[in-house]
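Residue numbers (the numbering used here): 3 to 519.
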């Protein structure tokens, strides 16, 4: 299309999309304009291209990047059956969009991507990093995120990809020092002399062998148990650097997203196209319920097999006891008959009587042993039968719960192309503001937020005079003297750069003196 600047999208400043559709956007609404852009599918390619520009602008070179990542969740107000997720700002579960915002080491905006509300970091973050490395042709040294990335599934993905990240262990306050084994001595934390940190791993050998994550414990001096536990993959970082680096997330990521929302609202909805798709949330719920059913079925089958085996063992025990009992009874009868014959013949019966007593003791011991083993097997049989009954009731309950989950009804899934395009433009606006502030603003205004700059500078009233060789802009004076002085410095820096209008005329800006406008 020959589009080199965002201004080329407008009808009077270039061909823009007229090259494809044969008409311009002079009288079309933003919704119509976004609808046409959606057909071109420019959202993701534009985000990728702009990210490359941002990285080379703010962080030139080919060194590894440290990035800060966080979700911004945008609610959608609709009564239609749609994918839903937790909206933290509202404290409720409702339809919406997740926007993944990336910031650089000093908080510069690097990019943003739209995802369905039910997407988790585990699903996309590692793949997104790999794609960014290919696009930027430079490595990502480390990714810093909040506790949402501290779970084991994401840790396993990062360990498998051999990538570095820093997060916080969920439920960190429930762990004590005894739950870990230290991997070295405590060392100071930069910019925080009141705390110390150390590497550690799980004290439980089985847990340590199954968990690929690394851990850093931090505690105040003089304390025993850690007050915070950091987790991730820390290649090339010391224990003291981890807390210091993670604390940068708040000013470099969280506050920057808030400034972006206030300056260019990310929560505005721009109209959506929908597709009817199976509800992924309900499918995951059904799969989880089916897994619970399968676990119960396996347990029930194990106990039923145990009942069958115990019944066979009882039958075999009774048969063996009956055979041994008959044999001993037969021997006892024969010895009694022998005693009677010896008594009739007047012969001694001492040895025969001893044998009879031994057979009686043997028969009694056989009966006692049989009854003991029988009681034990009967008790085991009773326990397994009771457990089978309980598992059958649980299985029926879980089957009922699984069958109540509606997986047949289709739900609405939004086409997020319009949101992605507007997110691209919002991040572009924020980065342009940062660049202007660093290039032209008075040093005291370098950290001026987009919202404040829009009120104080970008929408400042004034007078424009068009000359043949230049354009003169005179702004109204400011009420406060410090703002007046800052704007005078800003105008001087801008004029020194000799910026020209698109037609070649020199652009000069000045601020009127108080009382002279």
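For glycine and all other residues, C-beta sits at the position ideal for the given N, C-alpha and C.
Within a 10 Å sphere around the beta-carbon of residue 424 sit 16 or more other beta-carbons, which makes this residue buried.
Per DSSP, the beta bridge partners of residue 73 are 102.
Look at the beta carbons and you see the stretch 211-218 touching the stretch 146-159: at least three pairs across the two are nearer than 8 Å.
Within the stretch 168-248, the complete alpha helix (DSSP H) segments of 4 residues or longer fall at 207-212, listed in chain order. In the three-state reduction of the DSSP assignment, residue 288 falls in the helix class, which pools H, G and I. The beta carbon of residue 491 is closer than 6 Å to those of 444 in its chain, skipping five residues each way along the sequence. Each of 72, 506, 482 was checked against the Cα of residue 258, and the nearest Cα belongs to 72. Taking the C-beta atoms as reference points, residue 429 is found no nearer than 9 Å to residue 224. A distance of 9 Å or more separates the beta carbons of residue 432 and residue 302.
Residue 306 carries a helical assignment under DSSP once its states are collapsed to helix, strand and coil.
Distance from the Cα of residue 476 is smallest, within the candidate group 497, 341, 514, 508, for 514.
Residue 454 and residue 512 have their alpha carbons spaced roughly 20 Å apart. Here residue 192 has 242, 243, 246 as same chain residues with Cβ atoms under 8 Å from its own Cβ, once five neighbours each way along the sequence are excluded.
Secondary structure remark: continuous beta strand (DSSP E) runs of at least 3 residues inside the stretch 418-489, in chain order: 464-468, 472-477. Around the Cβ of residue 386, a 10 Å sphere holds 16 or more other Cβ atoms; the residue is buried. The three-state secondary structure of residue 123, taken from DSSP, is helix.
Annotated three-state conformation of residue 89 is strand, per DSSP. The DSSP-derived three-state label of residue 499 is coil. For the 9 Å CB-CB criterion, residue 415 and residue 276 form a contact. Annotation: the continuous alpha helix (DSSP H) that includes residue 59 extends over 45-60. Setting aside the 5 residues that flank it on each side, residue 189 is surrounded in the same chain by 198, 199, 200, 240, 241, 242, each with a C-beta closer than 8 Å to its C-beta; the list follows chain order.
Residue pairing of residue 116 in beta bridges, as defined by DSSP: 101. In summary, residue 352 is exposed, with fewer than 16 beta-carbon neighbours lying within 10 Å of its beta-carbon over all protein chains present.
Proximity to residue 131 across 384, 148, 68 peaks at 68, based on C-alpha coordinates. Scanning its chain for C-beta atoms nearer than 6 Å, with the 5 sequence neighbours on each side dropped, one finds around residue 149 the residues 170, 172, in chain order. Distance from the CA atom of residue 108 to the CA atom of residue 153, rounded to whole angstroms, is 26 Å.
Rounded to the nearest whole angstrom, the CA to CA distance from residue 332 to residue 350 is 22 Å. Annotation: residue 407 is outside any alpha helix (DSSP H) and is labelled neither H nor E by DSSP.
In the DSSP assignment, residue 510 falls within the unbroken beta strand (DSSP E) covering 508-513.
In the structure shown, residue 84 adopts extended strand secondary structure according to DSSP, grouped into three states. When the beta-carbon positions are compared, residue 411 and residue 281 come within less than 9 Å of each other. Just measuring C-alpha positions, the residue of 319, 310, 97, 133 sitting nearest residue 82 is 97. Per DSSP, reduced to three states, the secondary structure at residue 275 is strand. Straight across, the Cα-Cα distance linking residue 342 with residue 316 is about 39 Å. Contact between the stretch 498-509 and the stretch 467-485 is established, with three or more Cβ pairs separated by less than 8 Å. CA-to-CA, the gap between residue 92 and residue 211 works out to about 40 Å.
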